[in-house]
Each structure stands twice: as structure tokens, then as C-alpha cells.
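Sequence order for the protein chains is S and X.
At position 4 of the first sequence the residue is numbered -16 (my numbering), and the sequence of numbers has no breaks.
At position 10 of the second sequence the residue is numbered -10 (my numbering), and the sequence of numbers has no breaks.
Below is one structure, written out as C-alpha cells, with a few remarks after it.
2 protein chains.
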Amino acid sequence: MKLHSSFGPNPRTVRMVMIEKGLSLATEELDIYAGENRSPAYLKKNPGGQMPALELDDGTIVAETIPICEYLEELYPRPAVIGETPQERAVTRMWLRRVELNITEHMYNGFRYAEGLPILKDRLYCIPEAADGLKKKAYFGRKWLNDLIGDRTYIAGDRVSIADIVLYCCMDYCKDNGQVLDADLPKLSKWFKNMNESSTAKSSLHKDSEAMGIAG
Amino acid sequence: MKLHSSFGPNPRTVRMVMIEKGLSLATEELDIYAGENRSPAYLKKNPGGQMPALELDDGTIVAETIPICEYLEELYPRPAVIGETPQERAVTRMWLRRVELNITEHMYNGFRYAEGLPILKDRLYCIPEAADGLKKKAYFGRKWLNDLIGDRTYIAGDRVSIADIVLYCCMDYCKDNGQVLDADLPKLSKWFKNMNESSTAKSSLHKDSEAMGIAG
């Protein structure tokens, strides 16, 4: 199988999962700033036009970051980033949904409708008047999580999971795009610092990250 | 295990999955209009304050609709609403994400920030100025899906899946809350009519639906 990948927080999420699992996959790199993910050839494979996408050996395309990670977990179960039992997987998925629906989707859309608008306005329907509210809503989501995380090292339990990886990649990318890290949320700050110091975080950065000054 | 459930499109999604699988679970009904899902007792179990939630025998809470459905699929794999193989599950999950991130999340948030605002403004951070844009964005998501669905009976393939159930429950609920069905999207209209005529759709409606005049 082949991974269609690029710079960006969602491709980085898949890279982090692969590193945690010790996987390497044949990869085709696309330049999203040049709009290669909106080319007819790519849109034919993934009509969502988003990165990344996994092309299976029979030609089937699995697009969308989380389904790709779920698929990799099914093929290479250990070490688990979702869970080793149905109950572990259920709890991780619950935290992942809380992270995505209360925090990261609002952060990404807040970015798309403001800082990302010049590039994205011709690619998708944008709602500029929602940007400030979405960023504020995401802050309240992070505050809620800060209060819930307690003394756990990781969001869903005592091991790093897809919930940590998704939130980390989003916050690390958005901090370089106008959504600074929260100095007033100590538990979440401690969690971020811990994630940020992991070797997986460092080695998952795209080769263009440094030159761009954006973690992706 | 015990299901904490109520009126509403997300609890209905779980009900439809249970009916498809021929499952019945011990259920405790909460009155969300009276705010029972925001009581200290329920918030202690599910700090998200949302419905439904599944309480396992050891006291573990699995909240969030999709993780509950994934868990039920793991325990009771057939008939599958996600898939019988890793590849089938990957493809269904891809379509589910497309449905949720491009359509249903925008429809629900459009509802929460407009028609739902009087009840919800004291329960969660609302963005009233985003409501119209979110509804428009959801329309473009439905139009995109209409063009993609082609001649398939179901969204993710030749069998009903969680992607159909999630979209159907959302559209059926929102049509009674200001987001009317699209007369200009023939493929999606045909899909909706087919879903709406299924016995599962009918028997999954909450007992209060008729009196309220809202499908949930």
C-alpha cells in the first residue's frame, strides 16, 4: 500500500502513529501549498481533496486521518495507540471524540476561516465571521480538558494514544498560526510539554517545517 | 451494561444500530429538556453532559455516540454496520467522517446556535453569528455527497452502515428544526426516502417524538 502525504498536522498525525508502531510505508509526497491535493488526478482518488490518503493494493482509497489510523492499528495492533481490548478502544475513542468535537475541529476551522483564508477561500466554503467564536469555543474546550485530565500523563489513560496525538499535532500547528498555547491551563501545558519532548514528536515533523516556521 | 439514553438524534443513532443488530440493553431514560443530562449525578458519569452514554459492568463509562456504536459492533459483529473486515471498516469510517465533518457537525452546530439557542445558551458556548454560515456549509456538504453517491443505495456501499444512520438521524431531526430537506438534490433525496421508509427508522423514534413533532 501507498500513503499519499504532505506537510500538515493531519499527515503528521499519521506519521506519529507510524513512528509509535515502527512502521514505514511507501509514500508519495504532495505539495499542498502548490495545490497538488486539488489536482484532478488526486481528486479522482480522494474527492475530499484532503491529506493524507492511504491507497491499498487493490486500489481502494482510505481517506481521512482517523480511519487511516484505525486501519493501521487493525493491521499492526502493537504497540496500540487506540487499545488492545474492545473496552480500551472504546475509552480511547471517547476521549478522541471529545478532543476533536470540542477542541481540534474548532481550532482547525478557526484557522481556515482566518489565517488560512487567503489560500483556502477558493478551495472550500469558509465562514470568516465564525473564526473568532470558534477559537474561543476551542479555548473553553481546552479549559474543560485541563480540568478533566487531572494527574494523568496522557488524555485517555497511562499510555500515549491517538487522542494525545491528534490534539498535540493540532495545537503545535495552530500555535504557529495565531492560536497560542494557553499559559493559564497548567495541566494541559504540562501535558503539551511532555508530548513535545518525545522523540516521536520531533521525528514526525515534515522536512519543510523548519523553513516554514510552522510545525506540521 | 446499561445505556443512558433519551430523546434526540444521537440516542436515536444508537437505537438504530441496536435494532439493526437485534440487540436490547437495559436503558435508563433521561429528560434532556428538563436538563437531567446536566444534573451533578449524570455529569459525574459523563462530564460531557451529552446523551447517550453506555455504562459497562465495571462502572466504566463509554460516552459519545460513535465510540458506543464501535463498541457494540465489536461485541456483536453481525450484521455489521461498520464492516466485517479491516478494509470494509476503513471504507465505512472514511464515509462516516466525511458525513460528520462536512455535514452533520455543521447542521447540529447550526441548530445549536440558532433554533436551539434558547435552551442551549446556558449549557454550552454558542456562536450565534456562525449559525447561518454553518447551515450553508452543511448544504454544500450535502450537495457534494449528492454528486458522489451516484447510483449506490447506501453511502458506503451496498449495505446500510453507520454513515447512513448518522446522516439520516441528523437530517430527520433537523428537518423539524429549520433545516428543510433539499428538493434540488435528487440522489440524496432518493437515499433519504429509502432510509425513511425502513422499519428501523420508524421503530427507532423516541416515544416523545410524535407529541413534540420532532423526529428524534
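Using N, Cα and C, we set each Cβ at its ideal position, and we do this for glycine too.
Exposure of residue 32 (chain S), with buried meaning 16 or more beta-carbon neighbours within 10 Å
Taking all protein chains in view, the Cβ of residue 32 (chain S) is crowded by 16 or more other Cβ atoms within 10 Å, so the residue is classified as buried.
How about residue 113 (chain X) and residue 107 (chain S): are their beta carbons less than 7 Å apart?
Yes, these two residues count as a Cβ contact at 7 Å.
Would you mind telling me which residues of chain X sit closer than 7 Å to residue 74 (chain S), beta carbon to beta carbon, in chain order?
Neighbours of residue 74 (chain S) in chain X, taken as residues at a C-beta separation under 7 Å, are given in chain order as 42, 43, 44 and 47.
For residue 66 (chain X) and chain S, any beta-carbon pair shorter than 7 Å?
Contact of residue 66 (chain X) with chain S is assigned, a C-beta pair being separated by under 7 Å.
Give the list of continuous beta strand (DSSP E) stretches no shorter than 3 residues that lie fully inside the segment 137 to 192 of chain X.
Segments of the beta strand (DSSP E) lying fully in the segment 137 to 192 of chain X: there are none.
Helix, strand or coil, according to DSSP, for residue 61 (chain X) in the structure here?
Taken through DSSP and simplified to helix, strand or coil, residue 61 (chain X) comes out as coil.
If we count the other Cβ atoms within 10 Å of its Cβ and call it buried at 16 or more, is residue 192 (chain S) buried or exposed?
Exposed, by the Cβ-count rule.
Alpha carbon to alpha carbon, what distance is there between residue 148 (chain S) and residue 176 (chain S)?
Residue 176 (chain S) and residue 148 (chain S): Cα-Cα distance of roughly 8 Å.
Pull up the distance between the alpha-carbon of residue 72 (chain X) and that of residue -10 (chain S), whole angstroms please.
Taking the straight line from one Cα to the other gives about 19 Å.
Interface residues of the segment 109 to 129 of chain S facing chain X [CB-CB below 8 Å]
Residues of the segment 109 to 129 of chain S with a C-beta atom less than 8 Å from some C-beta of chain X are 109, 110, 113, 114, 116, 117, 120, 124 and 128, listed in chain order.
I want to check one thing, is the minimum distance from the CB of residue 191 (chain X) to the heavy atoms of the ligand GTP below 6 Å?
The model on display carries no ligand, and the ligand GTP is accordingly not part of it.
Give the secondary structure of residue 83 (chain S) by DSSP, where H, G and I count as helix, E and B as strand, and everything else as coil.
In this structure, residue 83 (chain S) counts as helix in the three-state DSSP scheme.
By the three-class DSSP mapping on this structure, what secondary structure does residue 50 (chain S) have?
Here residue 50 (chain S) sits in helix by DSSP.
For the candidate residues S:137, S:123, S:86 and S:128, whose alpha-carbon lies nearest to that of residue 150 (chain S)?
Relative to the Cα of residue 150 (chain S), the nearest Cα in the group S:137, S:123, S:86 and S:128 belongs to S:86.
Please report whether the beta-carbon of residue 51 (chain S) lies at a distance below 7 Å from any beta-carbon of chain X.
Yes, its Cβ sits closer than 7 Å to a Cβ of chain X.
Give the single residue among X:144, X:159, X:166 and X:42 whose Cα lies nearest to the Cα of residue 79 (chain X).
Minimum Cα distance to residue 79 (chain X) is reached at X:144.
Under 7 Å between C-beta atoms, does residue 92 (chain S) make it to chain X?
Not an interface residue.
Any beta-carbon of chain X closer than 7 Å to the one on residue 142 (chain S)?
Output row for residue 142 (chain S): interface = no.
Who are residue 6 (chain X)'s beta bridge partners in DSSP?
Listed as beta-bridge partners of residue 6 (chain X) by DSSP are X:-18.
Within 9 Å of chain X by C-beta, residues of the segment 142 to 165 of chain S in sequence order:
For the segment 142 to 165 of chain S, which is checked against every Cβ of chain X, not one residue is closer than 9 Å.
In chain order, what residues of the same chain lie with their CB nearer than 8 Å to the CB of residue 70 (chain S), ignoring the 5 residues before and after it?
Closer than 8 Å at Cβ, skipping near neighbours: 63.
Give a yes or no on whether 7 Å exceeds the smallest Cβ distance from residue 70 (chain X) to chain S.
Chain S contact via Cβ: present.
Examine chain S for any beta-carbon lying closer than 7 Å to the beta-carbon of residue 107 (chain X), and answer yes or no.
At a cut-off of 7 Å between beta carbons, residue 107 (chain X) contacts chain S.
Exposed or buried, which one is residue 141 (chain S) when buried takes at least 16 other CB atoms within 10 Å?
So residue 141 (chain S) counts as buried.
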